[in-house]
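Protein chains: 2
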Amino acid sequence: MPLKSRLVESLRKIDALERGSSFLIACSGGLDSIAATYLFAALARDWDLRIGCMYIHHGLREEADEELTFVRETAASLNCEFYSTTVDVAAEARINATSIQNAARYLRYDALERVREQHKFDWIVTAHHADDQAETMVAKFLQGAGILGLEGVRPKWERVIRPLLFVTKEELRTYAANLNLDWREDASNTSRKYLRNAIRLDLMPEIKELVNPGVASTLGDTAREFRMISSFLREHIAGIEGKVARRDGDSWRASLTELRKLSAGEQLLLFQTVLTTLTGEAPGHTILIGLLSLLVKEPGSVYTLQAGFEAKLEQGDLLLRKLEMQPDEFEYAWDSSDVLEAGWFRLSASELSPKNVTFNDSPTVEFIDLGISGKDFYVRNWRQGDAFVPLGMSGTKLVSDFFTDLKIPTHERGKVPILLAGEHIVWLCGLRLDDRFKVTKDTVRAMRLTFEQQAPQ
Amino acid sequence: MPLKSRLVESLRKIDALERGSSFLIACSGGLDSIAATYLFAALARDWDLRIGCMYIHHGLREEADEELTFVRETAASLNCEFYSTTVDVAAEARINATSIQNAARYLRYDALERVREQHKFDWIVTAHHADDQAETMVAKFLQGAGILGLEGVRPKWERVIRPLLFVTKEELRTYAANLNLDWREDASNTSRKYLRNAIRLDLMPEIKELVNPGVASTLGDTAREFRMISSFLREHIAGIEGKVARRDGDSWRASLTELRKLSAGEQLLLFQTVLTTLTGEAPGHTILIGLLSLLVKEPGSVYTLQAGFEAKLEQGDLLLRKLEMQPDEFEYAWDSSDVLEAGWFRLSASELSPKNVTFNDSPTVEFIDLGISGKDFYVRNWRQGDAFVPLGMSGTKLVSDFFTDLKIPTHERGKVPILLAGEHIVWLCGLRLDDRFKVTKDTVRAMRLTFEQQAPQ
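Read top to bottom, the protein sequences are chains A and B. Counting from 1 along the first sequence, just add 92 to a position and that's the residue number in this note's numbering. Counting from 1 along the second sequence, just add 92 to a position and that's the residue number in this note's numbering.
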């Protein structure tokens with residue numbers, strides 16, 4: 093079937109095609125969006141469509157000025173309306189402390205939606221295709237997304253549609269070649285600096301050769317099935333939550349008896365859902381498994397989670413709540429892949445082979461056994477009852493006693509960052525490592541930790 | 093933590109370690125199983141364990157005789173009991189029409205279970221480790237397994253346990269190197285002929301480098317979460333099935349009203365579960381989506397599935413049933429990745445670029461547009477009312493009329509294999525292609541089909 097007919101079929105499947113419909117196409121000037129623009133323009137007469145074409149200038153690359161002109165001319169040659177806007181990605185990323193890519197994505201959709209509303213288009217069209225879908229699925233799967241995170245690129249989300257998800261890049265290339273179309277190659281698409289490009293350029297060809305030449309279509313089907321299943325799971329879990337739990341501001345309380353009646357899968361999904369909304373970030377596997385095992389513990393048991401939250405068994409309930417902190421109390425979740433910046437200190441980590449561990453006397457650099465610690469840490473100040481095994485000792489010692497030995501004044505103690513893995517202290521940063529996490533001859537993977545102290549702000 | 097302690101922890105998690113427990117270790121003489129044998133032997137005294145070691149001679153490789161001797165000597169040096177048996181993999185594969193690898197797996201577990209029972213071991217131990225788990229997950233995901241197929245290698249299944257799933261290959265290698273252990277490398281482990289080896293040797297290193305160095309641990313966690321969720325889903329679907337449907341031999345009947353109340357995800361999982369038990373093979377995505385859309389059709393609508401099954405809307409029910417066939421009727425599902433052997437004919441297919449399509453006059457070789465046909469076919473004899481578009485024509489023609497034109501006698505007509513994609517005839521094999529599936533200039537992926545006729549048996 094020619095691409096045009098497949099586009100019609102695809103638009104009808106998502107109920108986005110009627111006589112007189114209007115589409116605003118996000119067009120970067122690249123192969124995908126240029127092909128999409130020509131396809132829609134080809135459809136316009138048959139269906140009496142109104143087509144707009146929008147170029148977003150991200151202010152990041154020199155070539156953008158020329159691309160804008162090129163897209164404007166393409167739109168004119170096809171009798172499409174043309175829109176463009178310039179967004180300040182760097183500023184957005186700075187203000188919201190997010191990556192350039194996240195900031196660009198947000199600003200792009202925001203600008204498209206403004207134009208759509210103001211100029212009354214029915215739909216925003218992006219040219220995501222089957223290979224984009226497959227790359228998204230592969231990246232998410234290999235990074236550990238659970239079923240709720242494996243839905244892929246959605247064919248329709250509010251007013252944004254992706255009617256080309258069922259077409260491969262190669263099919264778009266053939267279409268463009270047959271029509272002798274011109275387009276612009278974005279140089280950043282070949283930079284291995286971006287994970288997505290490395291997956292596209294290096295990993296996908298290998299997957300197609302070794303495992304499944306039709307992986308794009310296979311993962312498109314998988315995404316579709318996973319969307320159906322996770323949509324059921326979300327509703328099911330929402331129903332359960334409504335029955336067993338109640339929220340109250342920052343805290344969440346559920347009947348332990350009811351929780352224990354659920355299957356492990358339901359418990360897992362419930363905790364995942366609740367923690368994501370409560371703390372604003374998806375909990376890792378370790379935290380979820382920790383919560384599951386808390387359910388069979390004694391009343392009064394406590395489990396500390398990310399972002400200053402704790403789970404506690406209390407009066408027949410499981411209570412998830414934000415810890416009340418004193419003004420100078422702090423607690424940060426730290427997954428050790430990024431640098432942790434906290435005003436008066438800075439923590440960074442890098443993995444290395446035990447062969448490359450070179451011991452030194454600096455109290456600000458330590459090596460630990462990654463196989464024991466894992467990569468998910470949190471960092472907080474000391475609490476009553478904290479104890480650890482100071483490097484070189486075999487028994488535990490109260491942190492308060494350790495501070496006393498070192499003659500650290502009481503008012504300074506609360507500012508010492510303590511690095512924890514699960515419930516165990518790994519390092520009183522800058523002071524002493526815990527003996528249980530040190531690198532030994534059995535260590536297979538090690539991690540170098542660096543602590544930098546800065547003047548309090 | 094040293095490997096030995098981690099093994100204890102892992103065994104306790106699956107409730108497989110008590111004082112006096114007995115373990116029969118499947119030992120091939122390779123690094124993994126030799127390390128497992130030494131680890132269990134090291135545990136034996138502390139826990140008063142009884143350890144057996146079993147070598148399975150597959151009769152496939154020359155080196156097996158020497159490996160058997162090596163494993164026997166290893167067992168003796170560790171004071172472990174030793175067992176061995178020879179299995180005839182080739183014969184098993186022939187008799188059950190399965191692959192050598194499937195046959196070997198079946199015979200291996202069967203032989204282990206016999207020895208376990210006869211010699212009263214509590215557990216069979218296999219040395220699957222974290223990298224095996226990750227490779228399994230990657231292979232299944234990329235081949236399109238849904239959530240129910242992504243449970244990975246199970247840590248415990250009846251009397252078989254895999255307590256090393258949380259250990260990486262590298263950790264086993266370090267352990268073996270530290271103890272100066274000897275082992276045998278199986279040459280077939282480096283042959284790219286096997287998908288699994290290609291994934292291990294080529295794909296996984298690339299994934300670790302490009303996407304996630306800790307992919308083994310990530311996918312181990314994913315497998316664990318997916319097991320919990322799919323176990324919930326299986327029970328949930330079984331509960332639904334009990335309420336809405338009843339089975340009767342080869343057929344299955346469910347209330348349409350009740351089916352329509354379910355979410356799409358539940359419908360999908362229900363059909364997947366039912367068809368797998370009913371037909372003995374997991375249905376593909378296309379069949380599942382076809383069934384879902386049947387639910388909103390008019391009474392009387394019919395949808396033909398794999399393996400001679402059909403779905404029909406009848407008296408307010410959805411009825412899945414095996415088609416009653418005349419003695420010489422036949423119907424085969426064919427996913428086109430393997431050769432279809434059916435006594436008097438043989439069909440094979442291979443994908444190729446349209447560039448490489450070379451037309452010829454042979455009626456037994458045809459090229460089709462893979463983008464239109466997809467790869468899932470079935471093959472059956474003609475039925476009343478069958479119609480197609482003979483190559484070169486633009487309208488449909490009844491197959492019976494076509495047979496008459498060709499002067500094919502009535503008693504021969506039932507033997508002509510007809511290849512179908514979904515509900516459409518693709519090819520009256522050896523006679524005429526359907527015009528809608530031919531290769532055109534728009535074709536992006538083509539498939540070469542070869543039909544070989546053999547004397548009826």
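We treat Cβ as the ideally placed atom computed from N, Cα and C, and that holds for glycine. Keep in mind the model is a prediction, meaning the values are calculated, not measured.
Counted as a single uninterrupted DSSP element, the stretch harbouring residue 403/B is not any alpha helix (DSSP H) but the beta strand (DSSP E) occupying residues 401-406. Listed in chain order, the alpha helix (DSSP H) runs fully inside the region 156-206 of chain B are 156-169, 181-187, counting runs of at least 4 residues. Less than 8 Å separates the beta-carbon of residue 413/A from that of residue 401/A.
By the Cβ neighbour-count rule, residue 502/B is exposed, with fewer than 16 other Cβ atoms within 10 Å of its own. Judged by DSSP in its simplified three-state form, residue 535/B adopts coil rather than helix or strand.
Closest option to residue 336/A, judged by alpha-carbon separation, among 454/A, 351/A, 327/A: 351/A.
In the three-state reduction of the DSSP assignment, residue 516/A falls in the strand class.
Assignment of residue 411/B by DSSP, reduced to helix, strand and coil, places it in the strand class. Taking 8 Å as the threshold, the shortest C-beta distance from residue 317/B to chain A falls below it. Within 8 Å of the CB of residue 356/A, the CB atoms of chain B belong to 320, 323, 324, in sequence order along the chain.
With a threshold of 16 other beta carbon atoms within 10 Å, residue 277/B falls short and is exposed.
Look at residue 464/A here: in three-state DSSP terms it is helix. If you draw a straight line from the Cα of residue 122/A to the Cα of residue 129/A, it is about 11 Å long. The beta carbon of residue 109/B sits closer than 6 Å to those of 103, all from its chain and outside the five residues before and after it, given in chain order. The beta carbon of residue 204/A lies closer than 7 Å to those of 116, 118, 146, 216 in the same chain, with the five residues before and after it left out. With respect to chain A, the C-beta atom of residue 149/B has no partner C-beta closer than 8 Å. Using a 10 angstroms sphere on the CB of residue 395/B, the tally of other CB atoms reaches 16 or more, which defines it as buried. For the pair residue 223/A and residue 308/A, the CB atoms are nearer than the 8 Å cut-off.
Within a 10 Å sphere around the beta-carbon of residue 275/A sit 16 or more other beta-carbons, which makes this residue buried. Residue pairing by DSSP puts residue 544/B in a beta bridge opposite 438/B. The shortest C-alpha to C-alpha distance from residue 184/B to any of 293/B, 199/B, 170/B, 461/B is the one to 199/B. DSSP places residue 350/A in the helix class (H, G or I) of the three-state scheme. The beta carbon of residue 287/A sits closer than 8 Å to some beta carbon of chain B.
Non-local C-beta neighbours of residue 213/A in its own chain, meaning closer than 7 Å and more than five positions away in sequence, comprise 114, 115, 116, 144, ordered along the chain. Assigned with DSSP and collapsed to three states, residue 444/A falls in strand. One finds nothing in chain B with a Cβ atom closer than 9 Å to the Cβ of residue 244/A; even the nearest lies about 12 Å away.
Residue 299/A reaches chain B at 234, 295, counting residues in chain order whose Cβ is nearer than 8 Å. Residues of the region 528-539 of chain B with a C-beta atom less than 7 Å from some C-beta of chain A are 534, 536, listed in chain order. Within the region 447-463 of chain A, no residue has a Cβ lying closer than 7 Å to any Cβ of chain B. Annotated three-state conformation of residue 382/B is helix, per DSSP.
Per DSSP, residue 286/A has no beta bridge partner at all. Counted as a single uninterrupted DSSP element, the alpha helix (DSSP H) harbouring residue 320/A occupies residues 307-336. Contact annotation for residue 334/B against chain A: no contact, minimum CB-CB distance about 17 Å [criterion: below 7 Å]. When DSSP reads this structure, residue 118/B sits in a beta bridge with 146/B. Three or more Cβ pairs drawn from the region 240-260 of chain A and the region 224-231 of chain A lie within less than 8 Å of each other, which places the two stretches in contact. Under the criterion of beta carbons closer than 8 Å, residue 233/B and residue 258/A do not qualify as touching, at roughly 20 Å.
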